[in-house]
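Trainee: Structure in structure tokens, see below.
Quick look at the structure:
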């Protein structure tokens with residue numbers, strides 16, 4: 001017991017003498033402690049690299065359609081470093097093999113529900129809308145002009161998952177993406193569709209019954225029209241402070257060519273609207 005105590009005292013004395021020599025020697029360097037990086041700092045750096053890849057395409061990278069003889073778009077815009085911290089950017093949207101338009105994009109660097117559907121050769125993302133009662137599903141084909149093939153697969157329906165199955169396959173993932181801003185406004189006449197579904201009584205004066213809504217027995221519907229107004233909710237850049245340690249490898253993609261969208265009612269688990277975005281600058285519903 002005494003020997004062990006003496007050894008401990010000698011070690012303590014050696015450590016004290018080393019500490020005194022360090023303090024007395026002016027050129028003695030101590031090894032700095034490695035500062036712990038905060039998740040949001042890591043996210044900001046990767047976010048800037050992600051955006052730079054897209055922004056520099058307009059300055060240094062040839063268009064994917066440059067091989068076509070009729071494509072002669074000149075890239076005259078200059079890269080601006082301060083754009084890396086914005087939550088919106090201007091970027092090309094490829095309408096066709098020979099046409100592009102500059103459209104505003106919203107930047108997402110956050111946790112989104114994501115799935116890749118092999119049978120459809122498409123990526124599926126869920127985005128928030130202005131109302132919490134609905135959600136927006138974007139279906140992006142693998143190839144720039146694969147929308148026609150995607151539509152064909154959906155129409156054939158052979159071994160193709162339905163929308164409910166697609167939603168079930170979606171899981172929360174770290175996603176870095178740019179989504180074109182689009183504002184869809186329009187009115188759709190639903191009369192013919194409802195009649196084809198067998199809903200006819202409300203359109204016939206002698207059979208229509210609107211007593212839960214009015215006491216007038218003569219009320220009936222001539223036609224039913226649906227008004228649509230779709231906006232994507234803006235997301236903040238820094239949304240990964242609590243999630244960085246959980247999601248190591250972000251999924252990076254650019255939604256910069258035609259895609260499908262679907263508006264789902266969360267409570268009823270029902271598709272309300274489906275359509276195509278062929279040009280984000282066009283608010284007409286396709």
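In UniProt numbering, the protein residues as written are 1 to 286. The C-beta atom is built at its ideal place from N, Cα and C for all residues, glycine as well.
In chain order, which continuous runs of the beta strand (DSSP E) of length 3 or greater are located wholly inside the segment 141 to 198?
Mentor: 171 to 180, 184 to 189
Trainee: Residues in the same chain with beta-carbon distance under 6 Å from residue 187, minus the five sequence neighbours each way, listed in chain order, please.
Mentor: 225, 227
Trainee: Just the C-alpha distance for residue 281 and residue 255, rounded to the nearest angstrom, thanks.
Mentor: 14 Å
Trainee: Any idea if residue 91 is buried or exposed, counting beta-carbon neighbours within 10 angstroms, 16 or more meaning buried?
Mentor: buried
Trainee: Using DSSP's beta-bridge definition, name the partner residues of residue 88.
Mentor: Residue 88 is bridged by DSSP to 106.
Trainee: Distance check for residue 181 and residue 107, CA to CA, integer angstroms please.
Mentor: 10 Å
Trainee: Use the C-beta contact count for residue 109: other C-beta atoms within 10 angstroms, 16 or more gives buried, fewer gives exposed.
Mentor: buried
Trainee: Return helix, strand or coil for residue 272, following the three-state DSSP convention.
Mentor: strand
Trainee: Determine, using beta carbons only, whether residue 147 and residue 120 come nearer to each other than 8 Å.
Mentor: no
Trainee: Going by alpha carbons, who is nearest to residue 174 out of 125, 157, 215, 263?
Mentor: Comparing Cα positions, the closest option is 125.
Trainee: What did DSSP end up calling residue 201 once you bin it into helix, strand or coil?
Mentor: helix
Trainee: For residue 230, which three-state DSSP category applies?
Mentor: For residue 230, the secondary structure class from DSSP, reduced to helix, strand or coil, is strand.
Trainee: For residue 78, count the other beta carbons within 10 Å of its own beta carbon; 16 or more makes it buried, fewer makes it exposed. Which is it?
Mentor: At residue 78 the pLDDT is 41, less than 50, meaning the model places this residue with poor confidence and gives no usable figure here.
Trainee: Can you tell me whether DSSP reads residue 266 as helix, strand or coil?
Mentor: coil
Trainee: On the three-state DSSP scale, how would you describe residue 220?
Mentor: coil
Trainee: Report, in whole angstroms, the separation of the C-beta atoms of residue 216 and residue 208, which I expect to be a contact under 8 Å.
Mentor: That pair is no contact at about 11 Å.
Trainee: Please state whether DSSP places residue 210 in a helix, a strand or coil.
Mentor: coil
Trainee: Please classify residue 136: does DSSP put it in a helix, a strand, or coil?
Mentor: Residue state for residue 136 is assigned as strand, using DSSP reduced to three classes.
Trainee: For residue 111, does the three-state DSSP call read helix, strand or coil?
Mentor: strand
Trainee: Measure from the alpha carbon of residue 134 to the alpha carbon of each residue in 193, 265, 249, 95, then state which is nearest.
Mentor: Comparing Cα-Cα distances from residue 134 to each of 193, 265, 249, 95, the minimum goes to 265.
Trainee: In or out: residue 122 buried (at least 16 other Cβ within 10 Å) or exposed?
Mentor: buried
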